[in-house]
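Protein chains: 2
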Amino acid sequence: MGLKIGDVAERGGVSLQTIRYYEREGLVPAPPRLPSGYRTFPESAIRRVRFIRRAQELGFSLAEIRDLLSLRENTTSGAKDLRERAKAKVADIDYKIRTLRAMKKALNDLAERCPGCGPLSDCPILDALDAKGMIA
Amino acid sequence: MGLKIGDVAERGGVSLQTIRYYEREGLVPAPPRLPSGYRTFPESAIRRVRFIRRAQELGFSLAEIRDLLSLRENTTSGAKDLRERAKAKVADIDYKIRTLRAMKKALNDLAERCPGCGPLSDCPILDALDAKGMIA
DNA sequence: CTTGACTCTATACCCTGGTACCGGGTTTAG
DNA sequence: CTAAACCCGGTACCAGGGTATAGAGTCAAG
Chain A
1 MGLKIGDVAE
11 RGGVSLQTIR
21 YYEREGLVPA
31 PPRLPSGYRT
41 FPESAIRRVR
51 FIRRAQELGF
61 SLAEIRDLLS
71 LRENTTSGAK
81 DLRERAKAKV
91 ADIDYKIRTL
101 RAMKKALNDL
111 AERCPGCGPL
121 SDCPILDALD
131 AKGMIA
Chain B
1 MGLKIGDVAE
11 RGGVSLQTIR
21 YYEREGLVPA
31 PPRLPSGYRT
41 FPESAIRRVR
51 FIRRAQELGF
61 SLAEIRDLLS
71 LRENTTSGAK
81 DLRERAKAKV
91 ADIDYKIRTL
101 RAMKKALNDL
111 AERCPGCGPL
121 SDCPILDALD
131 AKGMIA
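Chains as they are written, first to last, in this note's numbering: chain A, 1 to 136; chain B, 1 to 136.
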């Protein structure tokens, strides 16, 4: 009934060794084993692996991702603390979203306005990103 | 007047060696030198370094960033091609924004609803992120 | 005119996030 | 019952993105 490591790897979009690596690093909980020693994963392991991949693409390190994931295995701390920590993560995410929106705007401006600029002029992309609100 | 490498490093928020590394990797253009061999950077180098840092936080590799930056030093290709490439980058960025918004929503849900969940239940964060639209 | 802060090149090293290969056991389809 | 396909742990290696150190030259203040 449990999934084998190869299933998790394939459906999660990573290699088999990566799953073992994530287990060692505490990103995927160590699953129960068959008498043979084979790991048997629950379905949720696949979602977890996919989450890890997506979060990485967004610039979170594995340590940050472990942190994010630990929010739901909330045995350690009170509900108040959990809310605090989640809010902090949301603030990180908001910052990323704002920065991405500014980059997007700068790129759109570049694409639309720049056919008129000279090749090496001080085009808008960097300037747009350096505007207030983008610096920290 | 020209900035010295230490100024660019400090005001750009990176170390001195990192500036030299970025120069070697073609992320920051090699600046003119004084007779002594000292680099003298224009102000724009600082903006450039800051841009690189921010883009990294958003999950772009240095290769991708070099690519992004090359859009403005558009001597190579026609305006049509530039628009194409910029649009492709915008699509990447839109994907990241969508994913971040879903993560944010999941975290907010977690913070607000979960005080009522049992500790190890299948809480919403992973599920929310696995919903359609988030998978690829 | 020297002393401390800064810069130069070059080489070596480090951490993160994996990937590849090994010799060996297991499971399953024919 | 055997061969293909899968899994095990262990070790070694790799690329990206820097960081550290060494040995030597430069510049600015007193």
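Idealized CB from N, CA, C, for every residue including glycine.
In this text, all values refer to a predicted model and were calculated from it rather than measured experimentally.
C-beta atoms of residue i and residue j nearer than 9 angstroms
| i | j | result |
| --- | --- | --- |
| GLY59/B | GLU57/A | yes |
| PRO32/B | GLU23/B | no |
| LYS96/A | LYS96/B | yes |
| ILE93/B | LEU100/A | yes |
Per-residue burial, residue i [other beta carbons within 10 Å of its own, 16 or more giving buried]
| i | result |
| --- | --- |
| LYS87/B | exposed |
| GLY91/B | One point to set straight first is that residue 91/B is Ala, not Gly, in the sequence displayed. Answer is exposed; the Cβ neighbour count stays below 16. |
| ARG98/A | exposed |
| LYS80/A | exposed |
| ARG39/B | buried |
| MET103/A | buried |
Contacts around residue i, its chain only, beta-carbon distance under 6 angstroms, and the 5 residues preceding and following it disregarded
| i | result |
| --- | --- |
| ARG48/A | VAL28 |
| ILE46/B | VAL8, ARG11 and GLY12 |
| SER121/B | Unreliable placement is indicated for SER121/B, whose pLDDT of 45 sits below 50; the coordinate value is still reported in the next sentence. Taken in chain order, the list of residues that qualify is empty. |
| ILE19/B | ILE5, VAL8 and ALA9 |
Close Cβ partners of residue i (< 8 angstroms) along its chain, the five nearest in sequence each way excluded
| i | result |
| --- | --- |
| GLY25/A | Per the sequence shown, residue 25/A should be read as Glu rather than Gly. Excluding positions up to five away in sequence, the list reads LEU62 and ARG66. |
| LEU71/B | LEU82, ARG85, ALA86 and LYS89 |
| ARG50/A | GLY12 and GLY13 |
| MET1/A | THR40 |
| ARG53/B | GLY12, GLY13 and VAL14 |
| LYS132/A | The predicted model places LYS132/A with a pLDDT of 39, which falls under 50 and marks its position as unreliable; any figure quoted below should be read in that light. So the list is empty, once near-sequence residues are dropped. |
| GLU43/A | LEU3 |
Beta-carbon proximity list for residue i, same chain, < 7 angstroms, skipping 5 on both sides
| i | result |
| --- | --- |
| GLY118/B | Its pLDDT being 48, under 50, GLY118/B is placed unreliably in this model, and the value from its coordinates should be taken loosely. There are no such residues. |
| ALA55/B | ILE65 and LEU68 |
| LEU34/B | THR40 |
| GLY6/A | LEU16 |
Chain-ordered neighbours of residue i on chain B, where CB pairs are closer than 7 angstroms
| i | result |
| --- | --- |
| ALA9/A | Neighbours of ALA9/A on chain B: none; closest Cβ ~16 angstroms, over 7 angstroms. |
Residue i: CB within 8 angstroms of a non-hydrogen atom of the ligand FAD
| i | result |
| --- | --- |
| ALA88/A | Among the components of this structure there are no ligands whatsoever, and the ligand FAD is therefore not found. |
Subject >> Contact set between the segment 77 to 108 of chain B and chain A, restricted to residues whose Cβ is under 8 angstroms from the partner >> reply: Against chain A - using a Cβ distance shorter than 8 angstroms - the residues of the segment 77 to 108 of chain B are ALA79, LEU82, ARG83, ALA86, LYS87, LYS89, VAL90, ILE93, ASP94, LYS96, ILE97, THR99, LEU100, ARG101, MET103, LYS104, LEU107 and ASN108.
**OP:** Mind checking the segment 36 to 61 of chain B against chain A and listing, in chain order, the residues whose C-beta falls within less than 9 angstroms of any C-beta there?
**Re:** SER44, ILE46, ARG47, ARG48, ARG50, PHE51, ARG54, ALA55, GLN56, GLU57, LEU58, GLY59 and PHE60
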